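Numbered per my numbering, the sequence shown spans residues 8 to 415.
Note that the Cβ used here is the ideal one computed from N, Cα and C, for glycine as well.
As the structure is a prediction and not an experimental result, all values here were calculated from the model.
Worksheet: one structure, shown below.
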Amino acid sequence: MAEEMRLLLEHADKIDPRQAEDYIKVGGYKGLEKARQMNRKDLIQEVKSSGLRGRGGAGFNAGMKWSFVPPAPVKYVVCNLDEGEPGTYKDRIICEKNAQALLEGMAICGTAIESKQGYIYCRGEYPFVVELLNKAIQSAKAVGALGDFDIEVRMGAGAYVCGEETALIESIEGHRGEPRFKPPFPGVAGLWGVPTVVNNVETFAALPYILTKGAEWYASIGAPKYPGTKVLTLTGDVNNPTYFEVPTNYLLKDVIYKLGGGIKNGKKFKAVQVGGTSGAFIPEQNLNTSIDFDSMGAIGAALGSGAVLVLDETRDIVDIVTRISKFFEHESCGKCNPCREGTFRCREIMEKINAGRATEADINNILLLAKVMKRAALCGLGQAAPIPITSTIEHFGHEYRRKLLQYA
Ligand SMILES: Cc1cc2nc3c(=O)[nH]c(=O)nc-3n(C[C@H](O)[C@H](O)[C@H](O)COP(=O)(O)O)c2cc1C
Ligand code: SF4
């Protein structure tokens, strides 16, 4: 299987994402029309039965999330376009190629939960995307495509933690971007304390296709428990580093060798990191895994954002993981001890190992620290920060041991 399956990106570069009319000409806004004619419960059931699960990392069933929203006079729909995970740019691509599908998906969600107001939280490094989205919203409003549903764009200031849904909400409210304690979940008490659905760009952008083509059709694509397509961004030591949209039962080895054209400069494969900086490093023996949420989990990895970073045989794993540990120390918001202190200590020990000053006891300490962080950190940042370390100690332990003091 070498072909992509383009659904969200079917009309990429053939329509202007700013122009609602262009999108309408290729069948756009038909899903919203259908949603508006449906009973709210049936609409949520349709999304539930499609099997659509969040594309922002946690993989939660979208229709199920919406069904938890209680009645309230005001509710919000929030789109997570923070996309702070290094190597990830799929949400930017979806906006640049098909922004109207995102707007339509948000309005479908608004119809389902009875919300009249949506916000798109865009990462600070994407000012051109903010401009594009504002034009797209203007155009959709001008032709009346969104009805009485309004969408505003809010811009972040470049903090990775603001991709976490409650930190994102704090940031929109004008506070420092720090995660909240959960529960209550945003579905019950989110933006300004009212019920709020937060979904990823890719999750929203899939909705128009589910409504027009049917839940059953969508559920039949890709992996049965994580159906649909996935937009991946392929980076690193491959011949064709770009983005792709594939069915979720597509194999990781085919992403690298078929779509990616194999390893650059005739070198050999060493490892692939899936899901962004907090993802696990996967060795060659696990490449026969499909890029769906559960299959990735089964090999101790995570699909995460869908970023795929390939490393060739010459790459120094310990050096790369040391740099990743610096990233997490920098991005930790400092609200909870296990992460604030843990990311600092991880970086400290990784630097010691990388500099050839460590012993086996340091490896044992960092593994223990990783366990504590996974269990005790308040949000996913601190819980996942040690994963690159633990996965590489598991699969590439010999590279660590080569750098220890007694072998130096
Ligand atoms: C540190 C951290 C960063 C995150 N960054 C993002 C992000 O950039 N985009 C995103 O959609 N979800 C991100 N998430 C996940 C969100 O908290 C949330 O689960 C997601 O936006 C829900 O949308 P979905 O159900 O459609 O996936 C992040 C989570 C954590 C803990
Ligand atoms: S885990 Fe890290 S980023 Fe998350 S709340 Fe704690 S200190 Fe902040």
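Let me know the secondary structure DSSP gives residue i once reduced to three states.
| i | result |
| --- | --- |
| Tyr30 | helix |
| Asp299 | coil |
| Tyr133 | coil |
| Gly125 | strand |
| Glu159 | strand |
| Thr203 | strand |
| Val315 | strand |
| Gly404 | helix |
| Leu14 | coil |
| Gly154 | coil |
| Ile327 | helix |
| Val195 | coil |
| Ala19 | coil |
| Met8 | For Met8, the predicted model reports a pLDDT of 45, less than 50, meaning its position is unreliable and no value from the coordinates is stated. |
| Phe188 | coil |
| Ile306 | coil |
| Ala143 | helix |
| Cys340 | coil |
| Leu214 | helix |
| Ala164 | coil |
| Arg322 | coil |
| Gly117 | helix |
| Glu171 | coil |
| Gly349 | helix |
| Ile396 | helix |
When you compare each of the options to residue i by their alpha carbons, which one comes out closest?
| i | options | result |
| --- | --- | --- |
| Asp157 | Ile327, Asn68, Leu388, Val84 | Val84 |
| Gln390 | Ala287, Asn247, Thr240 | Ala287 |
| Phe135 | Ser146, Gly125, Gln145, Met162 | Met162 |
| Gly64 | Ala314, Pro77, Gln124 | Ala314 |
| Leu140 | Pro24, Ser332, Asp155 | Pro24 |
| Ser339 | Val253, Pro393, Ile306, Val325 | Pro393 |
| Phe75 | Lys232, Val279, Val204 | Val204 |
| Gly58 | Gly197, Lys72, Ile22, Trp199 | Lys72 |
| Arg187 | Val201, Val195, Ile179, Glu172 | Glu172 |
| Glu209 | Pro345, Arg43, Tyr96 | Tyr96 |
| Ala79 | Glu177, Glu121, Arg408 | Glu121 |
| Ile324 | Gly341, Val253, His337, His402 | His402 |
| Lys41 | Lys220, Pro202, His337 | Lys220 |
| Arg130 | Leu153, Gly165, Ala309 | Gly165 |
| Glu180 | Val160, Ser312, Pro190, Gln44 | Val160 |
| Arg47 | Arg352, Gly117, Ala147 | Gly117 |
| Arg364 | Ser398, Val328, Arg409 | Arg409 |
| Phe351 | Asn247, Ala368, Ala362, Arg330 | Arg330 |
| Leu241 | Ala230, Val262, Ser56 | Val262 |
| Tyr167 | Leu39, Thr284, Ser302, Ile298 | Thr284 |
Can you tell me the Cβ-Cβ gap for residue i and residue j, rounded? I've got them flagged as a contact below 8 angstroms.
| i | j | result |
| --- | --- | --- |
| Lys277 | Arg322 | 6 angstroms |
| Leu218 | Ile115 | 6 angstroms |
| Leu417 | Cys343 | Any answer about residue 417 is impossible in this case: the structure gives the chain only from 8 up to 415. |
| Gly170 | Asp98 | At roughly 10 angstroms, the Cβ-Cβ gap does not stay under 8 angstroms, so Gly170 and Asp98 are not in contact. |
| Phe251 | Arg60 | The Cβ separation is near 19 angstroms, so there is no contact. |
| Ile228 | Val245 | No, Ile228 and Val245 are not in contact; Cβ-Cβ is about 25 angstroms, not under 8 angstroms. |
| Gln280 | Pro93 | At roughly 10 angstroms, the Cβ-Cβ gap does not stay under 8 angstroms, so Gln280 and Pro93 are not in contact. |
| Leu239 | Thr296 | In fact, because the Cβ distance is near 14 angstroms, the residues do not count as touching under 8 angstroms. |
| Gly35 | Gln107 | 5 angstroms |
| Pro202 | Pro77 | 6 angstroms |
| Leu15 | Asn87 | 16 angstroms between Cβ atoms; not a contact. |
| Asp319 | Lys274 | 4 angstroms |
| Ser332 | Arg347 | Not a contact, Cβ separation roughly 14 angstroms. |
| Asn105 | Ala213 | With a Cβ gap of about 11 angstroms, Asn105 and Ala213 do not count as contacting. |
Let's test the definition: count the other Cβ atoms within 10 Å of the Cβ of residue i and tell me whether it reaches 16, buried, or not, exposed.
| i | result |
| --- | --- |
| Arg62 | buried |
| Gln145 | exposed |
| Thr366 | exposed |
| Met8 | Below a pLDDT of 50, predicted positions are generally treated as unreliable, and Met8, at 45, falls in that range; the measurement from the model is reported next regardless. Answer is exposed; the Cβ neighbour count stays below 16. |
| Ala69 | buried |
| Gln292 | exposed |
| Gly151 | exposed |
| Ala143 | buried |
| Pro215 | buried |
| Ala305 | exposed |
| Phe67 | exposed |
| Val33 | exposed |
| Ala377 | buried |
| Pro345 | buried |
| His182 | exposed |
| Asn207 | buried |
| Pro254 | buried |
Would you verify that the beta carbon of residue i is, or is not, closer than 8 angstroms to some beta carbon of chain C?
| i | result |
| --- | --- |
| Lys333 | The chain inventory of the structure shown lacks chain C, comprising one protein chain alone. |
Runs of beta strand (DSSP E) wholly within the region 223-294 (minimum 3 residues, chain order): 236-243, 250-254, 276-281
Whole beta strand (DSSP E) elements within the region 354-390, 3-residue minimum: none
Inside the region 26-112 only - alpha helix (DSSP H) runs reaching at least 4 residues: 27-32, 37-44, 47-57, 69-74
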